[in-house]
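Protein chains: 2
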Amino acid sequence: MPEPMPDLPEPAHHELDSMLSRKFGKEVANYFSGSPLNRVSFLRTDHPFLSLALKHPSTSFLLFNNLNPLIVSSTKLAFASFKDVEPIIGEDIYSKSEEDLIKEYNSSKYIPQLVFLGLDDRNQDGLVYKDYYKGAPYFALDITPKDPIKSAAETLISSLETKGVSFSKGRMHISLPPQEAAIYAESRHLLDWNARNPFCASCGHPTFSVNAGFKRICPPRDLASSMTNSSASPDRPPCATRTGISNLSFPRTDPTVIMAVVSADGQKILLGRQKRWPEYWYSTLAGFLEPAESVEEAVRREVWEESGIHLGRVVIHSTQPWPYPANLMIGAIGQAIPGGEEIHLGHDAELEDAKWFPTDEVREALQIGTSGLGETAGPQYKEGGLRLPPRTAIANQLMSAVVGGFLGAEPKI
Amino acid sequence: MPEPMPDLPEPAHHELDSMLSRKFGKEVANYFSGSPLNRVSFLRTDHPFLSLALKHPSTSFLLFNNLNPLIVSSTKLAFASFKDVEPIIGEDIYSKSEEDLIKEYNSSKYIPQLVFLGLDDRNQDGLVYKDYYKGAPYFALDITPKDPIKSAAETLISSLETKGVSFSKGRMHISLPPQEAAIYAESRHLLDWNARNPFCASCGHPTFSVNAGFKRICPPRDLASSMTNSSASPDRPPCATRTGISNLSFPRTDPTVIMAVVSADGQKILLGRQKRWPEYWYSTLAGFLEPAESVEEAVRREVWEESGIHLGRVVIHSTQPWPYPANLMIGAIGQAIPGGEEIHLGHDAELEDAKWFPTDEVREALQIGTSGLGETAGPQYKEGGLRLPPRTAIANQLMSAVVGGFLGAEPKI
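Those protein sequence lines, which keep their order, are chains W and Z.
Residues in the first sequence are numbered consecutively from 744, following the working numbering.
Residues in the second sequence are numbered consecutively from 744, following the working numbering.
Okay, structure coming up:
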């Protein structure tokens, strides 16, 4: 399966050190994690709460057009207010209970996707609910102009553009501070999942978004059928997702392994490259974890399949949410067994090249050769030298851990 | 979301120590991992290879009826030969290329689900392919009796039963040696995923199994439509899954966090229980990782939502595949922050109870109070004492790590 792509730009505009510092002991917090929001997931079915959250003066809406977020600049998200979005979502979509909305389900009605992201309790003027849950509510909303919201969405977009904000042009143009990146990642992952799953994989009928954007169900009745044919029953055939809890109803997150591989003597690092990458650009190997694999097994399988190298010890390093579209990157560091270091690219056709690099060369490239995929490397970089992904990519963090001596305190194999 | 259930029985019949030994350094290999098979995933589209594998004398088929595997006894899988299954799957379903099979796709034809699991290279009489890929092939096959294979499946099942093998009666009745458990886990996860996804979540049309059971695609043509109406075009409307790589086409694995929580002073362990569990039975907390969370964030959120406790340090311990239906259990150990240890069950209604247990009480219960959920505890257990899940459950391994001093070598928060 395809390798996830580390293609975020180098964040020159803000300091990553505070985020990447080892808060909570030895934990490494990667880019896209570190959200300031309390998700209060158990309140997602509580429509009186959601109704208050929707209209509270402290509430922010992150708007998306075809999965691109509204931004002030590539380093700052833009947020809208309830008044901005009211012409699109109506006065209060949470005025009825979830149960009642399911009874009235009509698949022919387009409802713009809204997701409740959580509460930011750093805001002292936020909502207070049941004396206990406090903070400024955040929502994500898809306002891609399509019928019947086309006209209202276009009006809003024009009005926003006069204020100097606009939708990002793809992910290459975002380089957000870590906490905004985490809010964007949650939004994008959920909006993409909802957009990608309009039908039930179990029975083929249209699905309906509930739980404030965190669940899609296959309703037992659909009033659309009786609209076109008044004698038709709104009842649908039985569906397996209705008779028990099905994972199909919940957001999908794909566990992915990504690993820095060191030689048996600890002096070299294995890196690979894909054909479409810029010249001299390499990164760590990666791939999807398969059914019934532990993380260590997935790491060994992927490394052998892509490079022919046999790994012994594998240690999990850190994890990174990756919302393109739905990955959990599980970062590991693995060590080749003596005699298992010969590179063979013939198993799987995924990599154009894989090579052992001396640790010192990787250390230098981490200092002068990193950048986003579409960017140029820094001023100290010399043509022909190794190029590597930026610090926002977990691949960079894994290589940094190796050159920083991550495995050094442990006995060699 | 619901908590995964540790309900495998205690494996009295075989020794887990060899599997759970820290092979490859500090790695803990949990039950359901440790497969002896090389998946050679890049050969799943290679029909000449699959055709040889299907009919090789060393080949084994693990048969399933409604997701229950064929067994000799609760401690031993039973395998069938190609001759056994030929009346059900035909002479060679891989005689045509995948491309040709997609062209001939007809959604009205039922094809029993077959999954290529991998090669067991411990078998010296196994298949040899391209001089490099060696071993005895393993397949999983769903022979649930339904038209048009009903009669052939029933004949095979009768014939197998006269040989003294039968289908397990649910998962409570399986207690396999670790390597067989891993083969079963891969089979069950893949067969369940295929059975659960007969329709395309993107467009609602029937899907087709390819890549030897590891991919489901939405074919552009379906000959079924022209069978019922000869003037109907077999062409289907466009589908987003056809215009790029979509994760919807690949098996789903749900990352799940499960965590042993220790008090700030390291002297107590937090355990919770669900209402439906036997009296005195407790386990570690668990829940699904959500979109755009790191593992540590998911652990902290779940623990706070379910118990009100605030965690500081979180360390990943090990992982466990869990094929009911599709989880990757990511095991962690977390430590409460001073002042964040008060239990509050009012956020989320998931647990009936959560309690701090002295480490010594947990240590004793790990020795005398473990069993499968449906079993009785061992002879030394005294009524009223703490009961815990068996060693096959990662929850047990996490608690064992804590009482064994996993966090001890580190500074306290």
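No residue lacks a Cβ here, since even glycine has one placed at the ideal position from N, Cα and C.
Given the structure is predicted, the values throughout are model-derived calculations rather than measurements.
Contacts of residue i in chain W (Cβ-Cβ under 7 Å)
i	result
Z:Phe859	Result: empty, since nearest Cβ-Cβ is about 12 Å, beyond 7 Å.
Z:Gln1062	The residue asked about is misnamed: residue 1062 of chain Z is Thr in this sequence, not Gln. The answer, in chain order, is Ser1037 and Val1038.
Z:Asp1200	Absent from the structure is residue 1200 of chain Z, since the part of chain Z shown begins at 744 and ends at 1156.
Z:Phe785	Glu1048, His1090 and Asp1091
Z:Glu933	Before going further, note that residue 933 of chain Z is Leu rather than Glu in the sequence given. Correct list: Pro1034.
First through last residue of the beta strand (DSSP E) which encompasses residue i
i	result
Z:Thr999	Asp997 to Val1005
Z:Tyr703	The displayed coordinates of chain Z run from 744 to 1156. Any statement about residue 703 of chain Z would go beyond what the structure contains.
W:His1060	Leu1054 to Trp1065
W:Ala883	Tyr876 to Asp885
Z:Pro959	What sits at residue 959 of chain Z in the sequence shown is Arg, not Pro. Note, Z:Arg959: beta strand (DSSP E), Lys958 to Ile960.
W:Ile1012	Lys1011 to Arg1016
W:Leu870	Leu870 to Tyr872
Z:Ala1029	Leu1028 to Phe1031
Z:Asp1008	Unbroken run through Z:Asp1008: none, as it is neither H nor E.
Z:Val908	From DSSP, Z:Val908 is part of no beta strand (DSSP E); its letter is neither H nor E.
W:Leu1088	Where W:Leu1088 is concerned, there is no enclosing beta strand (DSSP E), given that its DSSP letter is neither H nor E.
Z:Gly861	Leu857 to Asp863
Spatially closest choice to residue i from the options, by CA coordinates
i	options	result
Z:Thr1102	Z:Leu820, Z:Ala1003, Z:Ser817 and Z:Gln1017	Z:Ala1003
W:Thr1135	W:Ala925, W:Val1038, W:Ser911 and W:Leu870	W:Ala925
Z:Pro880	Z:Met1142, Z:Arg787 and Z:Ser817	Z:Arg787
Z:Ala821	Z:Glu1085, Z:Val908, Z:Asp827 and Z:Ala1144	Z:Val908
W:Phe1100	W:Glu1093, W:Ala1108 and W:Ala975	W:Ala1108
Z:Val815	Z:Glu923, Z:Glu841 and Z:Ser1143	Z:Glu923
W:Val953	W:Pro830, W:Ile831 and W:Pro855	W:Pro855
W:Leu919	W:Ser776, W:Thr1119, W:Lys1125 and W:Leu1141	W:Ser776
Z:Gly1128	Z:Ile917, Z:Glu1104, Z:Gly1117 and Z:Pro791	Z:Glu1104
Z:Phe792	Z:Glu842, Z:Asn849, Z:Phe859 and Z:Leu1032	Z:Phe859
W:Lys1011	W:Lys1098, W:Ser794 and W:Trp1024	W:Lys1098
Z:Ala928	Z:Pro1066, Z:Ser1114, Z:Lys877 and Z:Pro779	Z:Pro1066
Z:Thr971	Z:Pro1133, Z:Gln1110, Z:Ser850 and Z:Asn773	Z:Ser850
Z:Arg959	Z:Arg939, Z:Phe993, Z:Leu934 and Z:Glu1045	Z:Phe993
W:Ile892	W:Lys852, W:Ile917, W:Arg931 and W:Lys873	W:Lys852
Z:Val783	W:Trp1047, W:Pro1064 and W:Thr1113	W:Trp1047
W:Gly1051	W:Tyr848, W:Pro1021 and W:Ala1079	W:Ala1079
W:Arg985	W:Val1146, W:Ala967, W:Gly1015 and W:Phe951	W:Phe951
W:Gly1115	W:Ser974, W:Arg914 and W:Gly987	W:Arg914
Integer Cβ distance of residue i from residue j, believed to fall under 8 Å
i	j	result
W:Asp1091	Z:Phe785	4 Å
W:Ser969	W:Pro977	5 Å
W:Phe882	Z:Cys946	With a Cβ gap of about 28 Å, W:Phe882 and Z:Cys946 do not count as contacting.
W:Gly1030	W:Thr999	7 Å
Z:Leu1032	Z:Asp935	So it is not a contact: roughly 20 Å between Cβ atoms.
W:Glu1049	W:Leu1028	5 Å
Z:Ile1076	Z:Leu1150	6 Å
W:His790	W:Tyr837	4 Å
Per-residue contacts from residue i into chain Z (C-beta, under 8 Å)
i	result
W:Leu805	What W:Leu805 touches in chain Z: nothing, since even the nearest Cβ is about 13 Å away.
Unbroken alpha helix (DSSP H) run spanning residue i, endpoints
i	result
W:Tyr927	Pro921 to Arg939
Z:Trp1047	Val1038 to Ser1050
W:Ser902	Lys893 to Thr905
W:Ile1073	Taken as a continuous stretch (DSSP letters only), W:Ile1073 belongs to no alpha helix (DSSP H), being part of the beta strand (DSSP E) at Asn1070 to Ala1079.
W:Arg1106	Thr1102 to Ile1111
Z:Phe825	Phe825 to Ile832
W:Ser1143	Ile1137 to Val1146
Z:Asp843	Glu841 to Lys846
Neighbour list for residue i in chain W, Cβ cutoff strictly below 9 Å
i	result
Z:Leu1109	The contacting residues do not exist; Z:Leu1109 stays about 22 Å from chain W at best.
Z:Phe792	Near Z:Phe792 there are no residues of chain W at all, since even the closest Cβ is about 13 Å away, more than 9 Å.
Z:His1053	Result: empty, since nearest Cβ-Cβ is about 11 Å, beyond 9 Å.
Z:Cys943	Phe942, Ala944 and Gly947
Z:Asp997	Asn990, Phe993, Arg995, Thr996 and Pro998
Closer than 7 Å at the beta carbon, the chain Z residues around residue i
i	result
W:Ser918	Per Cβ cutoff of 7 Å: no residues; W:Ser918 is ~17 Å from chain Z at best.
W:Ala1003	None at all; the shortest Cβ gap to chain Z is about 16 Å.
W:Leu1014	Result: empty, since nearest Cβ-Cβ is about 20 Å, beyond 7 Å.
Proximal chain W residues relative to residue i, where beta-carbon distance stays under 8 Å
i	result
Z:Arg1134	None at all; the shortest Cβ gap to chain W is about 16 Å.
Z:Glu923	Within 8 Å Cβ-Cβ: nothing; Z:Glu923 doesn't reach chain W, min ~12 Å.
Z:Pro962	Simply none; closest approach about 14 Å.
Near the ligand ZN: residue i beta-carbon under 6 Å from a heavy atom
i	result
W:Glu1085	Ligands displayed in this structure: none; no statement on the ligand ZN is therefore possible.
Where residue i meets chain Z, residues with beta-carbon distance less than 9 Å
i	result
W:Leu724	Because residue 724 of chain W is not part of the residues shown, which for chain W are 744 to 1156, the question remains open.
W:Arg914	Here the premise fails: no neighbours, minimum Cβ distance about 14 Å.
(Q) Could you tell me which whole beta strand (DSSP E) segments of length 3 or greater appear in the segment 764-822 of chain Z? (A) Counting whole runs of 3 or more residues, the segment 764-822 of chain Z contains the beta strand (DSSP E) stretches 803-808 and 811-816.
Q. Which full runs of the alpha helix (DSSP H) of 4+ residues lie inside the segment 964-988 of chain W, going along the chain?
A. Correct list: 967-971.
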